[in-house]
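Numbering (UniProt numbering), first residue to last: 1 to 288. All residues carry an ideal CB built from backbone N, CA and C; glycine is no exception. Below: one structure, written as structure tokens.
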């Protein structure tokens, strides 16, 4: 996003589906002089659920974001909405957790430096020291927080302390090979994004490429999802696949998978940054 991009407010909402939601939202924006630059909606008939995302040009309104939220609240209550209005010009602060593999981290940092991801990266945290020089070359603070069987509680307390100290908005696990505590995943529900190197829900847990190889699968992939207490079972944001066959070795599957992993993770991060992911229970609606 460059400096010439018009400032936008992004309204996202989900609520029980009923007549009049779109009319109420549209009339509210029009009555306050707002200009809609983009809008998307989805009705889930099976679960009677409605989802909507609206971009409003901020300079067409005569008041600021806090007042916009206050004025919209009665409509939100009327329709029992889970909702948010975000200022697109404010960069979200993304704290990255990583272990030893660098392909996902490298891709995120490259896109960040080229303004392809509209965010700040205040720090990177790792349970190893291997990537310190690479991260610090980008001018980003790097923190080594070892994690072992005897110190997990203290280690994750330190990760959370750093997240708060650097005013993080959300966390990205860029091939962070540790399982976060249940309490941490609950506190930051829908704010921790993981990349899993398989096409979920197949092959959860460790060594998914080896599992896929043993099953003789004909495609392999990667899945980005929000982290929950249940391993690799959170709301899915984005997925990607590549075709393979019996001639591919495990090493070839890993190589092909790395390309998918980094691309899927970067796409999911962008979707999160742009408030395009709406969640109800364990399901996402993604407005691309």
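Q: Starting from the Cα of residue 18, find the closest Cα among 95, 8 and 47 and give me that residue.
A: The residue among 95, 8 and 47 with its C-alpha nearest the C-alpha of residue 18 is 47.
Q. Leaving out five residues before and five after residue 62 in sequence, what residues of the same chain have Cβ atoms less than 8 Å from its Cβ?
A. The beta carbon of residue 62 is closer than 8 Å to those of 32 and 33 in its chain, skipping five residues each way along the sequence.
**Q.** Through-space distance from residue 68 to residue 126, alpha-carbon basis
**A.** About 40 Å.
(Q) Would residue 123 and residue 92 be called neighbours here (beta carbons separated by less than 7 Å)? (A) No. Outside cutoff.
Q: Name the two residues that bound the continuous beta strand (DSSP E) containing residue 15.
A: Per DSSP, residue 15 belongs to the beta strand (DSSP E) from 8–16.
Q) Counting pairs of beta carbons, one from the region 84–99 and one from the region 262–276, are three or more of them closer than 8 Å? A) Flag = yes, the region 84–99 and the region 262–276 touch.
Q.
Pairs of beta-carbons, one from the region 143–160 and one from the region 76–84, closer than 8 Å: are there three or more?
A. No, the region 143–160 is not in contact with the region 76–84.
Q: Please confirm whether residue 240 and residue 277 have their CB atoms less than 7 Å apart.
A: The answer is no: Cβ separation not under 7 Å.
Q: Pick helix, strand or coil for residue 168, following the three-state DSSP scheme.
A: Here residue 168 sits in coil by DSSP.
Q. Are there 16 or more other CB atoms within 10 angstroms of the CB of residue 117, so buried, or fewer, so exposed?
A. So residue 117 ends up on the buried side.
Q) If residue 193 and residue 167 are in contact, beta carbons under 8 Å, what's the gap, nearest whole angstrom? A) For a cut-off of 8 Å, the C-beta gap from residue 193 to residue 167 is around 18 Å, too long to register as a contact.
(Q) I need the straight-line Cα distance from residue 85 to residue 42, nearest angstrom please. (A) Going by the C-alpha atoms only, they are around 18 Å apart.
Q | Residue(s) in a DSSP beta bridge with residue 284 | A | Paired residue(s): 279.
Q) By Cβ distance, which residues of its chain are closer than 7 Å to residue 147, with the 5 residues on each side in sequence left out? A) Non-local beta-carbon contacts of residue 147 in its own chain, meaning distances under 7 Å to residues more than five positions away in sequence, involve 127, 155 and 178 in chain order.
Q) For residue 285 versus residue 176, is the C-beta distance shorter than 7 Å? A) In this structure, residue 285 sits away from residue 176, with a CB-CB distance that is not shorter than 7 Å.
Q. Counting only runs that start and end within the UniProt domain "ACT" (10–90), where is the alpha helix (DSSP H) found for 4 or more residues in a row?
A. For the UniProt domain "ACT" (10–90), whole alpha helix (DSSP H) runs of length 4 or above, ordered along the chain, are 21–31 and 65–78.
Q. Can you tell me whether DSSP reads residue 238 as helix, strand or coil?
A. Note: residue 238 maps to strand in three-state DSSP.
Q: Would you decide whether residue 112 is buried or exposed? Buried here means 16 or more other CB atoms lie within 10 Å of its CB.
A: Classification for residue 112: buried.
Q. What span of residues does the beta strand (DSSP E) with residue 144 cover, start to end?
A. If you look at residue 144, you'll find it in the beta strand (DSSP E) that goes 142–144.
Q) Helix or strand or just coil, what does DSSP make of residue 312? A) As displayed, the chain neither begins before 1 nor continues past 288, which places residue 312 out of reach and without an answer.
**Q.** Continuous alpha helix (DSSP H) stretch holding residue 258: start and end
**A.** DSSP places residue 258 inside the alpha helix (DSSP H), whose first and last residues are 250–273.
Q: Look up residue 120 in the DSSP assignment and give the residues it is bridged to.
A: BP columns for residue 120 point to 93.
Q. Got a sec? Which residues, its chain only, sit under 7 Å from residue 188 by beta carbon, not counting five neighbours each side?
A. Taking C-beta separations shorter than 7 Å and ignoring five residues to either side along the sequence, the partners of residue 188 in its chain run 171, following chain order.
Q | C-alpha gap between residue 282 and residue 138, whole angstroms | A | Looking at the two C-alpha atoms, the distance is approximately 36 Å.
**Q.** Residue of 226, 259 and 71 minimising C-alpha distance to residue 294
**A.** This structure cannot settle anything about residue 294, because the visible part of the chain is limited to 1 through 288.
Q. If residue 227 and residue 234 are in contact, beta carbons under 8 Å, what's the gap, nearest whole angstrom?
A. Correct: roughly 5 Å between the Cβ atoms.
Q. Is the Cβ-Cβ distance between residue 121 and residue 90 less than 7 Å?
A. It is not a contact, given that the beta carbons lie outside the stated cut-off.
Q. Rounded to a whole number of angstroms, what is the C-alpha to C-alpha distance between residue 100 and residue 130?
A. In a straight line, the C-alpha of residue 100 is about 6 Å away from that of residue 130.
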